[in-house]
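In UniProt numbering, the protein residues as written are 1 to 79.
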């Protein structure tokens, strides 16, 4: 396994290693976003799909703003 890369483990507890160092993503929504993007394996995932996966298909209010906050928090957790 390459210690310089990004490793996301989704079986059991969600775990993230980057450059051989474990990174803690404490908030549930940020972990859910991380898993969703990892499962996409580099493919583009549109905002509407992410919103449906994170909050449910019926939740459409302020999607862009809510996603921006969650993405920002995930980026901060990743350093």
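Backbone N, C-alpha and C fix where the C-beta goes; we use that ideal spot for every residue, glycine too.
Do you know how far the Cα of residue j is from the Cα of residue i?
i: residue 57; j: residue 67; result: 14 Å
i: residue 7; j: residue 65; result: 28 Å
i: residue 21; j: residue 78; result: 11 Å
i: residue 72; j: residue 9; result: 21 Å
i: residue 16; j: residue 28; result: 14 Å
According to the neighbour-count rule (16 or more other Cβ atoms, all chains shown, within 10 Å of its Cβ), is residue i buried or exposed?
i: residue 43; result: exposed
i: residue 25; result: buried
Answer with yes or no whether the minimum CB distance from residue i to chain D is below 8 Å.
i: residue 47; result: Absent from the structure is chain D; it holds one protein chain and no more.
Between which two residues does the alpha helix (DSSP H) containing residue i stretch?
i: residue 33; result: 28-40
Could you give the first and the last residue of the continuous beta strand (DSSP E) run that contains residue i?
i: residue 24; result: Note, residue 24: premise wrong, no beta strand (DSSP E); not H, not E.
i: residue 16; result: 15-18
Roughly how far, in whole angstroms, is the beta-carbon of residue i from the beta-carbon of residue j, given that I think they are within contact range, below 8 Å?
i: residue 36; j: residue 47; result: The Cβ separation is near 12 Å, so there is no contact.
Exercise. Jot down the residue ranges of each uninterrupted alpha helix (DSSP H) in the segment 47-72, minimum 4 residues, whole runs only, in chain order.
Key: 47-55
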